[in-house]
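Number of protein chains: 2
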Amino acid sequence: MLSPVAGSAIVVRQSSRAPLTAAQPSARCSGCAMRHLCMPQGLPTEELPKLEALICAARKVRRGEALYRSGDRFDSLYAVRSGSLKTLIVNRDGREQITGLRLAGDALGLDGIATDVHAFSAVALEDSSICTLPYAALKTLCRESGTMQDRLHRLMGDQFNQEASQMMVLGSLTAEERVAAFLLDVSSRNWQRGYSQAEFRLRMSREDMGSYLGITLETVSRILSRFQKRGLIDAQGKLIRICDIEGLQTV
Amino acid sequence: MLSPVAGSAIVVRQSSRAPLTAAQPSARCSGCAMRHLCMPQGLPTEELPKLEALICAARKVRRGEALYRSGDRFDSLYAVRSGSLKTLIVNRDGREQITGLRLAGDALGLDGIATDVHAFSAVALEDSSICTLPYAALKTLCRESGTMQDRLHRLMGDQFNQEASQMMVLGSLTAEERVAAFLLDVSSRNWQRGYSQAEFRLRMSREDMGSYLGITLETVSRILSRFQKRGLIDAQGKLIRICDIEGLQTV
DNA sequence: CGAATAGTTGAGGACTCTCAATCGGTGTGG
DNA sequence: CCACACCGATTGAGAGTCCTCAACTATTCG
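Protein sequence lines correspond, in order, to chains E and X. With the UniProt record's numbering, letter number 205 in the first sequence gets 205, and the count goes up by one each step, no holes. With the UniProt record's numbering, letter number 247 in the second sequence gets 247, and the count goes up by one each step, no holes.
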């Protein structure tokens, strides 16, 4: 159980364990996010300037604000430079369902590719900084460079697999297993970013977590308390410390 | 409720209502599947021969056989020419979860793009015929043609949105709503293919349906019976007739 | 500092699951 | 051609998980 189908980190992979310190000096994409797509490593050097020139513009989004909304016209992909966002769908009767949590380094906006209109909304969970990648320019670049093309494809594929993994969570795990899987996922993604895997500030509310996991906020809360009593975690509001990773992994 | 985030048909779209008759004479892709990607419409004519030459080779898969398995090396995308398949993931403890149903015209294999290894398995629900699209050739073609590039991207985006829609189903609908949503989805996809939206043969077992919908096979069966008593459907094993679409839509 | 929001905990009930028996088709062999 | 076995589907009864409603506490932000 608790089996993500594939590694859950979307963009950041084997590459880095180097800490992404809070202060990223440049407003460019150099230190940012979406390494696979955005970063020079492995790119023929002549393509570097193109990438730099065309692609990454920074943008700030404040806590609670939307980077884009469901129904907005799609014209750019995004990468989280710092901060975090949630993606969500609003269904007909107005209820919203969280579809994902995007941390620094994650890509955002793929939900608009199919129809040129965003299917999700993306809302900042804290003040965040976002790289913008104009999709048209990106496509052009991908036509010129097979490396870039590959990266974009992999990026899309990763998102696809990550969603599949979440389908698995929603389709076959109990509430406890879902919460455990979620904590482990965040922990692992934190670790891949060079932060602590044991302790992190989870800026989603209990309600958001519940919505993401297909359970109610009360159940989330109860389960966190239960985990705490069992010594698996130490949660104080949004600050979560994982005390027993293996314990969490075995439900 | 019952709100797919985007149209659920992946490849086949506004284009066709023309019946895709059972006998497709050519072994090529002309009548097949994956129109957006595969078919000539809108493509500069000089690219047509390339596409025909490079891309579509047909292949048969018999009921119960796997087109590919989780863990297999990824090198091609596929399009269902005729028949139907289910995609599934096997998690650590050996349980499998159905992740999708692919009908004629649907694309298949995207689950391998991220890692060069298939995350899903694809198993035929009936004897089926499959177009193979070597991924390397496809990439080359997409670098030469913006139209092809766009189509491939949209194809991937569609799959992404379809999964998101399923996450929504799994995350926020009751068992009855899930079954109704599933029937309506299949009905609509059938209709888009030029077949009846009211009557179709659903080749998944109750167990498969349950797995796909995150409920047990018994619950699926009970709910189908309930729907039948209410006059919403008329189900005889795998043959399903929808009597009251609007009724199904309102739960 | 205080109002509003977020989180915790409890009790009762609803929904879905589990276990089990039965029914029904399909294919095989006598 | 029929009997039987086998697999899938149906239906029932009881149990368990999770939800709903509600009260209360803690935290956050103006």
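Glycine included, every Cβ here is placed at the ideal spot set by N, Cα and C.
Quick one, are the C-beta atoms of residue i and residue j less than 9 Å apart?
i: residue 117(X); j: residue 72(X); result: yes
i: residue 60(E); j: residue 129(E); result: yes
i: residue 183(X); j: residue 110(X); result: no
i: residue 195(X); j: residue 97(X); result: no
i: residue 176(X); j: residue 223(X); result: yes
i: residue 63(X); j: residue 124(X); result: yes
i: residue 169(X); j: residue 103(X); result: no
i: residue 252(X); j: residue 160(E); result: No statement about residue 252(X) is possible, as the shown extent of chain X runs from 1 to 251 and does not include it.
i: residue 152(X); j: residue 56(X); result: no
i: residue 226(X); j: residue 198(X); result: no
i: residue 115(X); j: residue 74(X); result: yes
i: residue 81(E); j: residue 131(E); result: yes
i: residue 67(X); j: residue 78(X); result: yes
i: residue 203(E); j: residue 84(E); result: yes
i: residue 214(E); j: residue 172(X); result: yes
i: residue 138(E); j: residue 122(E); result: no
i: residue 166(E); j: residue 167(X); result: yes
Just the chain E side, please: which residues come within less than 9 Å of residue i by C-beta, in chain order?
i: residue 99(X); result: 5, 164, 167, 168, 171
i: residue 214(X); result: 167, 170, 171, 172, 214
When the cut-off is 9 Å and only beta carbons count, does residue i lie next to chain E?
i: residue 139(X); result: yes
How would you list, in chain order, the residues of chain E whose beta-carbon sits under 8 Å from the beta-carbon of residue i?
i: residue 272(X); result: The displayed coordinates of chain X run from 1 to 251. Any statement about residue 272(X) would go beyond what the structure contains.
i: residue 146(X); result: 139, 143
i: residue 149(X); result: 139, 142, 143
Using a Cβ cut-off of 7 Å, pull out every chain X residue sitting near residue i, in sequence order please.
i: residue 95(E); result: 172
i: residue 71(E); result: Neighbours of residue 71(E) on chain X: none; closest Cβ ~11 Å, over 7 Å.
Step through the CB atoms of chain X and report whether any lies within less than 9 Å of the CB of residue i.
i: residue 32(E); result: Residue placement at residue 32(E) is poorly supported in this model, since its pLDDT is 38, which falls under 50; the coordinates still yield a value, given next. Judged by the 9 Å Cβ criterion, residue 32(E) is not in contact with chain X.
i: residue 211(E); result: yes
i: residue 26(E); result: Below a pLDDT of 50, predicted positions are generally treated as unreliable, and residue 26(E), at 37, falls in that range; the measurement from the model is reported next regardless. Residue 26(E) does not count as touching chain X.
i: residue 188(E); result: no
i: residue 220(E); result: no
Here's the rule: buried if 16 or more other CB atoms are within 10 angstroms of the residue's CB, otherwise exposed. What is residue i?
i: residue 76(X); result: buried
i: residue 249(X); result: exposed
i: residue 192(X); result: buried
i: residue 239(E); result: exposed
i: residue 252(E); result: For residue 252(E) there is no data in the structure shown, the boundaries of chain E being 1 and 251.
i: residue 100(E); result: buried
i: residue 93(E); result: exposed
i: residue 136(X); result: exposed
i: residue 163(E); result: buried
i: residue 189(E); result: buried
i: residue 231(X); result: exposed
i: residue 261(X); result: No answer is possible for residue 261(X): it lies beyond the span of chain X, which begins at 1 and ends at 251.
i: residue 106(X); result: buried
i: residue 251(X); result: exposed
i: residue 208(X); result: buried
i: residue 178(X); result: buried
Closer than 8 Å: is that where the CB of residue i sits relative to any heavy atom of the ligand HEM?
i: residue 192(E); result: This structure lacks the ligand HEM; in fact it carries no ligand of any kind.
Quiz prompt | 4 or more residues per run - each alpha helix (DSSP H) lying fully within the UniProt domain "HTH crp-type" (173-246) of chain X | solution = 175-192, 206-213, 217-229
Self-check item: Residue ranges of each beta strand (DSSP E) within the segment 94-134 of chain E, 3 or longer
Solution: 96-103, 121-124, 128-134
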